[in-house]
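Residue numbers (our numbering): 1270 to 1541.
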């Protein structure tokens, strides 16, 4: 089975399919440099961008843009020019693109949902997943409240990890801790996963691949295969299908080994 832990000097790992979501380009917490590095070392015959690649919500209040964001977009465009089919599934943070769905630019196809058939014949629904989130489907003021709460959480996360880096401590995700320890957050994740899996099963699919909640997972839910890509804000995870049809959850190791301060230095060095 392929593994994501290998020396940068080695040839890229070859996959049949890669799925990435929740990059949130345009925000301070986006790990674009790490994702760009990941795509250097992991290549696929087909690439799915499963929503919230751009963060249109944040851009409404002013554009925050880094060179690393531009480099990542250039890498994706380069893959397209090399003949890699790229499926951009719209999410709620890039919902402004939904009205342009079913259009294509060279090998990049913009869609709201699609079906992926694995090498061993399983039919998987691919969708961002906000359609199954009660908060995301609620009135706009509830969306705003949840968005601001998450902003505060990620601000605290950045501040705390700068302090940890100062004292030689590794990266630690406050958001992941809250999701794993607070009962209400765990219930929300479980309800979301069950809802998505149930809907996929009712539509006749063998499984579903989604993102949205920033909680990577591979599990069986009442006979339906549930896959969540995770994100490139907190955990830096992706899903990959090998050439036998098995799907794996990849954790890009740099996030575990680099402090926040060192990650910023890496980005600055690359920009120089």
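Even glycine gets a Cβ: it sits at the ideal position worked out from N, Cα and C.
Computed from a predicted structure; not experimentally measured.
So residue 1485 and residue 1504 are supposed to be a Cβ contact under 8 Å. How far apart are they, rounded? Confirmed, about 6 Å.
Residue range of the beta strand (DSSP E) that residue 1305 falls in? Residue 1305 -> not in any beta strand (DSSP E); alpha helix (DSSP H) instead, spanning 1301-1310.
Counterpart residues of residue 1284 in DSSP-defined beta bridges: 1313
Note down the Cα distance separating residue 1310 from residue 1284, rounded to an integer number of angstroms. Approximately 11 Å between the Cα atoms of the pair.
Evaluate residue 1286 with the Cβ neighbour count: other Cβ atoms within 10 Å of its Cβ, from every protein chain shown; 16 or more gives buried, anything less gives exposed. It counts as buried.
Using C-beta distances below 6 Å, list every residue in its chain close to residue 1509, excluding the 5 sequence neighbours before and after it, in chain order. 1284, 1287, 1517 and 1519
Using CA atoms only, rank isn't needed, just tell me which of 1331, 1312 and 1339 is closest to residue 1322. 1339
Cβ pair count under 8 Å reaching 3, the region 1313-1320 against the region 1345-1356: yes
Taking its Cβ as the centre, do 16 or more other Cβ atoms sit within 10 Å of residue 1374, making it buried, or is it exposed? By the neighbour-count criterion, in which 16 or more other beta carbons inside 10 Å mark a residue as buried, residue 1374 falls on the exposed side.
Below 7 Å CB to CB, which residues in the same chain sit around residue 1512 once its five sequence neighbours on both sides are set aside? 1285 and 1388
Under the rule that 16 or more other beta-carbon atoms within 10 Å means buried, what is residue 1402, buried or exposed? buried
Can you give me the C-alpha to C-alpha distance between residue 1333 and residue 1491, rounded to a whole angstrom? Between the alpha carbons of residue 1333 and residue 1491 lies a distance of about 42 Å.
Tell me which residue opens and which closes the alpha helix (DSSP H) that residue 1264 is part of. Residue 1264 lies beyond the range of the chain shown here (1270 to 1541); nothing can be said about it.
Pair every Cβ in the region 1456-1467 with every Cβ in the region 1376-1386, then say whether three or more of these pairs are closer than 8 Å. Under the Cβ criterion (8 Å, minimum of three pairs), the region 1456-1467 does not count as touching the region 1376-1386.
Whole angstroms is fine: what's the gap from residue 1315's alpha carbon to residue 1352's? 9 Å
Use the C-beta contact count for residue 1296: other C-beta atoms within 10 angstroms, 16 or more gives buried, fewer gives exposed. So residue 1296 counts as buried.
Where do the ends of the alpha helix (DSSP H) carrying residue 1456 lie? 1452-1471
Relative to the C-alpha of residue 1481, which residue among 1328, 1399 and 1393 is closest? If we check each option's Cα against that of residue 1481, 1399 comes out closest.
Below 8 Å between beta carbons: does that hold for residue 1282 and residue 1393? For the pair residue 1282 and residue 1393, the CB atoms are not nearer than the 8 Å cut-off.
Going by CA-CA distance only, name the one from 1350, 1506 and 1294 that's closest to residue 1335. 1294
Ignore the nearest five residues each way along the sequence and tell me which others in residue 1386's own chain have a CB closer than 8 Å to its CB. 1392 and 1393
Using DSSP with H/G/I as helix, E/B as strand and the rest coil, what is residue 1538? Bear in mind that a pLDDT of 43 at residue 1538, under 50, signals an unreliable position, so the model cannot answer this.
Tell me the DSSP bridge mates of residue 1373? 1378
Bridge partners for residue 1357 per DSSP, in chain order? For residue 1357, which the question treats as bridged, DSSP gives the partners 1318 and 1379.
Which value, in whole angstroms, describes the spacing of the CA atoms of residue 1372 and residue 1366? 10 Å
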